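So in this note's numbering the end of the sequence shown lands on 79, straight run, no missing numbers. For reference, the structure discussed in these notes is given below.
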Amino acid sequence: MKEHAYYYLDEIVGEINRETDKEVSTSTLRRSLKYCGIARKKCNRSRARLRY
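Take a look at the structure:
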């Protein structure tokens, strides 16, 4: 996580899926991070517009 501190949740999920060959959802990751006390990163508006 520290290596990719600026990744968004979907990017982290993609890395986990590639590295472990297991499917992890964004909501599962979000809940796990919240449980560990790690703050979430909000997506800024310009980045959100690029995604959709």
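All C-beta atoms in this analysis are idealised placements derived from N, C-alpha and C, irrespective of residue type, glycine included. Keep in mind the model is a prediction, meaning the values are calculated, not measured.
Contact between L36 and T53 holds, since their C-beta atoms are separated by about 5 Å, short of 8 Å. The DSSP-derived three-state label of D37 is helix. Put simply, the backbone Cα of C63 is about 12 Å away from that of T55.
Under the three-state reduction of DSSP output, E50 falls in the coil class, being neither helix nor strand.
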